[in-house]
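Have a look at the structure below, then the notes.
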RNA sequence: GGCGACGUACCCAAGUGGCUUAAGGGGAAGGUCUGCAAAACCUUUAUUCAUCGGUUCGAAUCCGAUCGUCGCCUCCA
């Protein structure tokens, strides 16, 4: 079955045709490790994870590269040479290298909690400086670069199709410009390939280059590292929707100018997670981290399910109410799985392999249609509710679907009754006695009392269980 | 100023010309079970897709206008 992707290049759904049969090269723009990643960042990483899982589900061998940007993102265009890493260093008192390590670790921990499959390789920008210099040299040799007082720039007027990905209206851009250009750039869209270290300050991160001491511009890394690990031309490149007009546009310019070949066949971009006040942004102070959700009693999987509920190209408005909904749904799904597990031994219905195949087909059709996860979830619920499927088959289908959903459903286990403190158990036993004596008034009072102390009493057929109340 | 996206029930959301006089989930209401709860299960919950006009045998889906919301053009997932 074909997989269809909405290709930003062309703005239409296209059937995926890999360069090498059965294989897919995938490059996804990773985090800039100058701060924590917020759940909005992770929405994009989750979308990319789903994409990769869909390719794997279809039997592709996926080579996935994700960069870690630990240098080179300038705070603003007219800045003083400080980049985000150096700025973070000044803020925290750590060296830039310590900062990089610190936030990279937090990023990877959160990614793991969200059940995001790790890439074949994480590539740190600072570990591939030579490759970036080689790229810039290549552009310089071919006449695409020029040197100014503060760096080496790419001359975008040398390309006839600059901005094709974003469908940039260069003239409109010029007219509507809100920022003043003080530098020596020849064109508004020209961008830095290499920035020189400021003369009066010693940067923590700087390298020698044929043009002078400094650091690479923030687009160079992706072009250089994708070339190294995936080749001049590869299959799929992803990122947030915000990367279309600048970062990805410039990557294309660099790579295609140097290599003389098309850079990427399919560009996929994820829409933003927004709050009531607009999009989540690190530069606007407070932001939501996964750890905060966990602190508030939500599971990382609750958030993953939340993201699954909306198509990746549609913007998503985050709210706690929405997260509550997701938590409720996932809880119900797991309850069902536990029920099916109990029933699956006593094969309640004869198998219906035709029906199973139909569901499998429906699911594949949904995820292969530009990652239509809301549709895929509807198929999942169809399986859960279908009276003509036996429990064993339902479980097989659910776990099969979870290879794409990544909700860790195969690890679903009944919440173990916990060992409550003795004082709680004492009250629980008193209630049980009251219940047996049919003194329900006292029993209910005792249950309320226990609840106030943070525990739930649940009566089961074969006894009473105590659970701690989270949140 | 330029570029672009979006507006489907109380909430989230799929569907983008006839298979759908609109999937799925949450919530709510009623029911089964239980001393009662909780959980689970069953039933019900949009003649209607921002508004107005047009195209068509046929539109939520195409075209136009209007209103509204938002993003980008500056670092950004």
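In the working numbering, the protein residues as written are -5 to 465.
No residue lacks a Cβ here, since even glycine has one placed at the ideal position from N, Cα and C.
This one's a predicted model, so the numbers in the text were calculated from it and none came from an experiment.
Worksheet item: What residues in its chain sit with their C-beta under 7 Å from that of residue 360, if we drop five residues either side in the sequence?
Response: Residue 360 sits at position 366 when you count from the first residue of the first chain. Closer than 7 Å at the Cβ level, and outside the excluded window around residue 360, lie 366, 369, 370, 373.
Worksheet entry | Strand pairing of residue 460, partner residues [DSSP] | As a position in the first chain, residue 460 is number 466, starting the count at 1. 451, per the DSSP bridge assignment.
Worksheet item: Taking Cβ to Cβ, would you say residue 189 is nearer than 8 Å to residue 145?
Response: Taking the first chain and counting its residues from 1, the one referred to as residue 189 is at position 195. Taking the first chain and counting its residues from 1, the one referred to as residue 145 is at position 151. In contact: residue 189 and residue 145 (Cβ atoms closer than 8 Å).
Worksheet item: Closest to residue 349 by CA distance: which of 391, 128, 459 is it?
Response: Looking up residue 349 in the first chain gives position 355. Here the closest residue by C-alpha is 391.
Worksheet item: If you draw a straight line from the C-alpha of residue 171 to the C-alpha of residue 266, how long is it?
Response: Taking the first residue of the first chain as 1, we reach residue 171 at position 177. Taking the first residue of the first chain as 1, we reach residue 266 at position 272. Confidence is the limiting factor: at residue 171 the pLDDT is only 46, short of 50, which leaves the residue's position unreliable, though a coordinate-based value still follows. Going by the C-alpha atoms only, they are around 24 Å apart.
Discussion item. Quick check on residue 239: does DSSP put it in helix, strand or coil?
Written reply: If you number the first chain from 1, residue 239 lands on position 245. Helix at residue 239.
Fill in: Contact set for residue 207: own chain, Cβ-Cβ below 6 Å, skip 5 residues either direction
Within the first chain, numbered from 1, the residue matching residue 207 stands at position 213. Once the five neighbours on either side are set aside, the close Cβ partners of residue 207 are 191, 200.
Worksheet item: Which value, in whole angstroms, describes the spacing of the CA atoms of residue 418 and residue 298?
Response: If you number the first chain from 1, residue 418 lands on position 424. If you number the first chain from 1, residue 298 lands on position 304. Between residue 418 and residue 298, the C-alpha separation is close to 35 Å.
Worksheet entry | Inter-residue Cα distance where the pair is residue 19 and residue 253 | The residue given as residue 19 occupies position 25 in the first chain. The residue given as residue 253 occupies position 259 in the first chain. Cα-Cα distance, rounded: 17 Å.
Worksheet item: Are the beta-carbon atoms of residue 114 and residue 58 separated by less than 8 Å?
Response: By 1-based counting over the first chain, the position of residue 114 is 120. By 1-based counting over the first chain, the position of residue 58 is 64. Yes, Cβ-Cβ distance for residue 114 and residue 58 is below 8 Å.
Discussion item. For residue 250, tell me which candidate among 132, 394, 294 has the shortest Cα-Cα distance.
Written reply: Counting from one through the first chain, the residue named residue 250 turns up at place 256. Among 132, 394, 294, the Cα nearest to that of residue 250 belongs to 132.
Worksheet item: Which stretch, first to last residue, makes up the alpha helix (DSSP H) that contains residue 37?
Response: Reading the first chain from its first residue, position 43 is the one you call residue 37. It spans 33 to 51 - the alpha helix (DSSP H) in which residue 37 sits, taken as one unbroken run.
Fill in: Alpha-carbon to alpha-carbon, residue 108 and residue 230
Translated into the one-based positions of the first chain, residue 230 becomes position 236. Translated into the one-based positions of the first chain, residue 108 becomes position 114. Cα to Cα, the separation comes out at about 23 Å.
Item to complete: Could you check the C-alpha separation between residue 2 and residue 160 for me, to the nearest Å?
Response: For the purposes of this step, residue 2 is taken as the residue at position 8 of the first chain. For the purposes of this step, residue 160 is taken as the residue at position 166 of the first chain. Each residue's alpha carbon lies about 8 Å from the other.
Worksheet item: Do you know how far the Cα of residue 22 is from the Cα of residue 11?
Response: Counting from one through the first chain, the residue named residue 11 turns up at place 17. Counting from one through the first chain, the residue named residue 22 turns up at place 28. Rounded to the nearest angstrom, the two C-alpha atoms are 19 Å apart.
Item to complete: Would you give the residue range spanned by the alpha helix (DSSP H) that residue 98 belongs to?
Response: Numbered from its first residue, the first chain carries residue 98 at position 104. Per DSSP, residue 98 belongs to the alpha helix (DSSP H) from 90 to 107.
Worksheet item: If you follow the beta strand (DSSP E) that residue 212 is part of, which residue opens it and which one closes it?
Response: For this step, residue 212 is matched to residue 218 along the first chain. Element bounds for residue 212: n/a, residue is neither H nor E.
Worksheet item: Is residue 442 helix, strand or coil by DSSP?
Response: Indexing the first chain from 1 puts residue 442 at position 448. Looking at residue 442 - three-state DSSP - the assignment turns out to be helix.
Discussion item. Assuming residue 254 is part of the beta strand (DSSP E), what are its boundary residues?
Written reply: The residue you call residue 254 lines up with position 260 of the first chain. No beta strand (DSSP E) contains residue 254, which DSSP labels as neither H nor E.
Worksheet entry | Nearest-angstrom Cα separation, counted from residue 125 out to residue 61 | Numbered from its first residue, the first chain carries residue 61 at position 67. Numbered from its first residue, the first chain carries residue 125 at position 131. One C-alpha to the other measures close to 14 Å.
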